[in-house]
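Comments concern the structure below.
Number of protein chains: 2
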Amino acid sequence: MPRQRDRVGWAEPALLILASLADGPKHGYAIIKDVEEDTSIRLGPGTLYAAISRLEESGLVAALEGDERRRPYRLTTEGETVLDDRLRAMARFARVGLSRLGVAGA
Amino acid sequence: MPRQRDRVGWAEPALLILASLADGPKHGYAIIKDVEEDTSIRLGPGTLYAAISRLEESGLVAALEGDERRRPYRLTTEGETVLDDRLRAMARFARVGLSRLGVAGA
DNA sequence: TGCGACTAGTACGTTACACGATATAGCGTC
DNA sequence: GACGCTATATCGTGTAACGTACTAGTCGCA
Chain A
1 MPRQRDRVGW AEPALLILAS LADGPKHGYA IIKDVEEDTS IRLGPGTLYA AISRLEESGL
61 VAALEGDERR RPYRLTTEGE TVLDDRLRAM ARFARVGLSR LGVAGA
Chain B
1 MPRQRDRVGW AEPALLILAS LADGPKHGYA IIKDVEEDTS IRLGPGTLYA AISRLEESGL
61 VAALEGDERR RPYRLTTEGE TVLDDRLRAM ARFARVGLSR LGVAGA
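Sequences listed follow chains A and B, in order. Each residue of the first sequence is one higher than the one before, counting from 1 in UniProt numbering. Each residue of the second sequence is one higher than the one before, counting from 1 in UniProt numbering.
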């Protein structure tokens, strides 16, 4: 299925995952719940686990030991750095954009 | 070519374009320059014009009359609404994420 | 103790779209 | 009149976003 992007998204799955893990280690299913709770974005399993694999591959998250049912992941130091960087860029961008829209206090 | 997403992006072309237009109407090439200037993200022509077409199709931007060399676009009211909504979500997300990372003042 | 609901992850197929390359063309200038 | 910049269009490719379907463990609960 397509990315349901007829309506302009604002955050990529990879970033949502990193941000969720900033809270502490979580396994996949818990990330789905967490992300949905605080962004209303529902990641499908296909999206999630594929994104996690890529993040692991590029060293931004690392697998922890878990039982055979749960596979927890944690942010690596590099993952934290990347997340911090991206969030700052987002914050700056949002601030500038909102002020351009004439939003008070932005 | 792939989306150069080995390094986790934070903003989608469509949103960058909307934000750039929040400043006032611009034509494509000017958007490229503008976006690059304030995000360091360089949109290729393929990315840009394709994204603009989609945005126009979904009624978030509208073409203005220009000469035959320049095709300026403006934000529609719906485009403004969508942009405002996404930017607020981004700002909230960034704030929460940064505070999770223990960034002071977030 | 068998059923449903929830948890957890796998596997897969489709397709949107990010991206660079390439092409075209007007304009200034040197 | 060649070079560099502005400006847009188009095409091909690969990645990854996304939903669906599936498997399997666990926990009531009746």
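Where is the CB? At the ideal position from N, CA and C, for every residue including glycine.
Asked: Inter-stretch contact at 8 Å, needing at least 3 Cβ pairs: the stretch 11-26 of chain B / the stretch 60-72 of chain B; Found: yes
Asked: Bridge partner(s) assigned by DSSP for ALA30/A; Found: None; ALA30/A has no bridge partner.
Asked: Element boundaries [beta strand (DSSP E), containing ALA63/B]; Found: 61-63
Asked: CA nearest to the CA of TRP10/B, picked from GLY102/B, ARG70/B, ALA89/B and ARG100/B; Found: ALA89/B
Asked: Segment contact, 8 Å Cβ cut-off, at least three pairs: the stretch 75-83 of chain B with the stretch 34-49 of chain B; Found: no
Asked: Those residues which DSSP pairs with ARG74/A across a bridge; Found: ALA62/A
Asked: Which of helix, strand or coil DSSP assigns to VAL96/B; Found: helix
Asked: CB contact check: ARG71/A to chain B, cutoff 8 Å; Found: no
Asked: Cα-Cα separation between ILE52/A and ARG69/A, rounded to whole angstroms; Found: 16 Å
Asked: 7 Å Cβ shell around LEU64/A - same chain, five flanking residues per side excluded; Found: PRO25, PRO72, TYR73 and ARG74
Asked: Backbone secondary structure at SER20/A - three-state DSSP; Found: helix
Asked: Neighbouring residues, chain B, relative to ASP38/A (Cβ below 7 Å); Found: VAL96
Asked: ASP34/B at chain A interface by Cβ criterion, 8 Å; Found: no
Asked: Alpha carbon of PRO45/B to alpha carbon of LEU87/A, nearest angstrom; Found: 26 Å
Asked: VAL61/A at chain B interface by Cβ criterion, 8 Å; Found: no
Asked: GLU57/A in three-state terms, based on DSSP; Found: helix
Asked: Through-space distance from LEU48/B to ALA94/B, alpha-carbon basis; Found: 25 Å
Asked: Test: ALA22/A CB closer than 8 Å to a CB of chain B; Found: yes
Asked: Span separating the alpha-carbon of THR76/A from that of SER99/A; Found: 34 Å
Asked: Sequence-distant residues of its chain with Cβ nearer than 6 Å to HIS27/A (five each side left out); Found: ARG70, ARG71 and PRO72
Asked: Proximal residues to ALA22/A (C-beta, below 8 Å), its chain only, five neighbours per side dropped; Found: LEU75, GLU80 and LEU83
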